[in-house]
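Taking our numbering, the leading residue of the sequence shown gets 5, the next gets one more, and so forth. All C-beta atoms in this analysis are idealised placements derived from N, C-alpha and C, irrespective of residue type, glycine included.
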Amino acid sequence: MSIDTRAIETHSTDNRRFKPSPEFSARARIGTLERFNEMYRESLDSPETFYKRETAELVFRKPWSALSEWKPPFAKWFLGAELNASESCLDKHLKTARRDAPAIVWESEPGETRTLTYAELHARVVELAAALRELGAKKGDRIAIYMGMVPEVVVGMLACARIGAPHTVVFGGFAAESLRDRINDCQARFVLTQDGAYRRGGVVPLKATVDQALEATPTVEKVLVYRRLGQALAPITMKPGRDLDWVETTKNAKASLGEAPEIVDAEHPLFILYTSGSTGKPKGVLHTTAGYLTGAHITSKYVFDLRDDDVYFCTADVGWVTGHSYIVYGPLSNGATCLLYEGAPNFPDWGRFWNIIQKHKVTILYTAPTAIRAFIRQGTEWPAKYDLSSLRLLGSVGEPINPEAWMWYHENIGRGRCPIVDTWWQTETGSIMLTTLPGVHATQPGATGFPFFGVEPEVVGADGKAVGKGQGGLLILRRPWPSMLRTVWGDDARYEKQYFSEIPGSYFTGDGANVDADGYYHVVGRIDDVLNVAGHRIGTAEIESALVSHRAVAEAAAVGRPDELKGQALVAFVTLKPGNEPGDAMKKALAEHVAQEIGKFARPDDIRFAEGLPKTRSGKIMRRLLKDVAAGREAQGDISTLEDLNVLAKLRGQDE
Ligand code: PRX
């Protein structure tokens, strides 16, 4: 892994502190620093006691005989326990007053509302589980889900969990090629999809993309299609023998077949979620049942301070891990009411989120810095038009939040009243690792906070030794935690190399961080070859392999450059094969090619043609230099191994 540690030194220093109000703390699940510290110590020193108490609200059919086993790099948690995740998210609530409370309040892009109580959500899940079982789906089968933000996607995930079939949700913005690779990598037998999804007033033809992907997916047997839009808006062709109508199939299935949840071992795979890494091939991050559920449950409960009267709105897409942990498993296992919004934040205008908050009296909002920065651009008049007084807590996730965005969020959305939790975590960690607790800690714009229960982070140098306060270094996690990934699907070697070889024995996050004098963690961002573009995680190697698959491209290197709106923007340096003309037409063609190969969100923001790329004498592309060129900086550091200094001069010349 090539690590650029220079980035870690650039961190925000903001000395403003905002304490939770005494009223907030008094009502919070954890309201004092003493209690937090006590629980944190307990989670590390007596984890058995801690997790026994903290998992008491989850349904275990059989208790565990040992809390964990750590044979680096492989961890197991809750050994011997048996459960089904859907019971903790659904059945458990049927015996309480939550039964008739809304589990999902769905707002469609055009503005309709549909509410599913816990009893109704349970019924839908049981129906779908029955249908899947009738089709022959069984424990261990992988099921791919390629859908938009409709209640059925949650039903789909929980139905998979109910029958013990790990789901792999593929974000609806991915192109056919990416969907196909993911389906093939995990050898899915079934696909759940919908005809089309609304996005910014237009229609995203999801089923048509599935058809394209399925041209070369030998393992897929059946496709269940939820007709969200209907034939007039989203025309589809159903392939006889393969494609089935979701509603018809579930109606015809014998519901009793879906009643009994498949009781699985604690370590049974719950889902695989593909994410970008430092090679061209996305990794299937594997999460297992009991540990993941525990992490999602406990963090939701304490970080979002969830209570029965909350209306909780997480704006992430279920195609990303935030949607898995903080729309589905975490909030539902806590019996929360989740607002699910189908469409774009700026449809029909930039007031949409604020309108939703006013209309549904949302109390907790969890969103991403890139969204906040987009709102800032549109001006404070948008949120100012709406009554946001129902809000009591705000959250941020996905990338570092710059102090300016933090303050804007605090003042214009939180109206100075609401604590902001800046939550750091990853697809791999499964649940929030670093944060403040809203009733406990003073917040600091731009600082994430402290380790959550059971988490033991450290900031170290390349030698694995802790660096001093205020100094930048690599963020690692010293000990395993329940919701950690268990492996990369089908590739234990990659799992070990990626996460446990940099600092042997510890989990390497790929992020740079520093800890300030008061112990607050500041996570600066990726220091490996992974970019975070508008909250989307993209591996530079994936972009490069998409580019070189174009017939005109000889070589490509993709790097990030700081971007005010997106956090990072994607810049691609390309050398063309002889006989191809660089120019705007080629740029357009290459950008379109990347959109076709990966998805529109991965289109480079800037493509630059070069006669050669800067390389070391051994032929390695020097990305460090390209990053400097992309950012318009003078090249820093050692360039003595550069093969041809001329190349660099020429690349820079393009800036002028
Ligand atoms: O670089 C960190 C950044 O997002 C990466 C994880 O991306 P992904 O797996 O897609 O998950 C995103 C949602 C959890 C991290 O390695 N990141 C996430 N949250 C923060 C963050 N960086 C700084 N502050 C955060 N709060």
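In this chain, the beta strand (DSSP E) harbouring alanine 107 covers 106–111. For glutamate 116, the Cβ stays outside the 7 Å cut-off from all heavy atoms of the ligand PRX. Taking C-beta atoms as the reference points, alanine 217 and leucine 210 fail to come closer than 8 Å. Membership of phenylalanine 78 in any alpha helix (DSSP H) is not indicated; the residue belongs instead to the beta strand (DSSP E) covering 78–83. Membership of serine 72 in the beta strand (DSSP E) is indicated by the continuous run 70–75. Contact check for alanine 163 against valine 129 passes: the beta carbons are separated by less than 8 Å. The DSSP-derived three-state label of glutamine 198 is strand. Contact check between the stretch 220–227 and the stretch 188–195: three or more CB pairs, one atom from each, fall below 8 Å, which counts as touching. Histidine 291 is bridged by DSSP to Phe275. It is roughly 35 Å from the alpha-carbon of phenylalanine 275 to the alpha-carbon of alanine 446. Taking C-beta atoms as the reference points, leucine 139 and valine 307 fail to come closer than 8 Å. The ligand PRX has a heavy atom closer than 7 Å to the beta-carbon of tryptophan 428. Within the stretch 417–468, not a single complete alpha helix (DSSP H) segment reaches 4 residues in length. Of the heavy atoms belonging to the ligand PRX, none sits nearer than 7 Å to the Cβ of arginine 498. Contact between valine 109 and valine 332 fails: their C-beta atoms lie close to 14 Å from each other, not under 8 Å.
In this structure, DSSP gives valine 174 a state outside helix and strand, which the three-state scheme calls coil.
In this structure, the straight-line span from the alpha carbon of glutamate 403 to that of aspartate 532 is close to 15 Å.
When the five nearest sequence neighbours on each side are left out, the beta carbons in the same chain lying within less than 7 Å of the beta carbon of threonine 59 are those of Thr298, in order along the chain. Scanning its chain for C-beta atoms nearer than 6 Å, with the 5 sequence neighbours on each side dropped, one finds around aspartate 426 the residues Ser400, Ile405 and Thr452, in chain order. Cβ-Cβ distances below 6 Å link phenylalanine 357 to Pro349 in the same chain, with the five nearest sequence neighbours on each side left out; the list follows chain order. In terms of Cβ geometry, valine 207 and leucine 233 form a close pair [threshold 8 Å].
For the stretch 101–151, the full-length alpha helix (DSSP H) segments reaching 4 residues or more read 122–138 along the chain.
Taking 8 Å as the cut-off, the Cβ atoms of valine 575 and aspartate 609 count as close.
Ranked by Cα distance from serine 329, the first of Ile436, Glu385, Asp313 and Thr279 is Ile436. A Cβ-Cβ contact shorter than 8 Å links glycine 262 with leucine 132.
If you draw a straight line from the Cα of leucine 652 to the Cα of leucine 569, it is about 28 Å long.
Ranked by Cα distance from glycine 477, the options Ala558, Tyr525 and Gly583 are led by Tyr525. No Cβ-Cβ contact shorter than 8 Å links alanine 599 with arginine 612. Ranked by Cα distance from glutamine 382, the first of Gly355, Gln191, Glu548 and Tyr370 is Gly355. In terms of Cα proximity to glutamate 271, the closest of Pro222, Arg21, Ser47 and Gly168 is Gly168.
In the three-state scheme derived from DSSP, where H, G and I count as helix and E and B as strand, glycine 603 is classed as strand.
Scanning Glu116, Arg482, Arg203 and Gly571 for the CA closest to the CA of proline 407 turns up Gly571.
By the criterion of a C-beta distance shorter than 8 Å, isoleucine 507 is surrounded in its chain by Val464, Gly468, Leu478 and Ile480, once the five residues flanking it on both sides are discounted. Annotation: glutamine 362 is outside any beta strand (DSSP E); the continuous alpha helix (DSSP H) that includes it extends over 356–364.
Between leucine 83 and glutamate 73, the gap from beta carbon to beta carbon is short of 8 Å.
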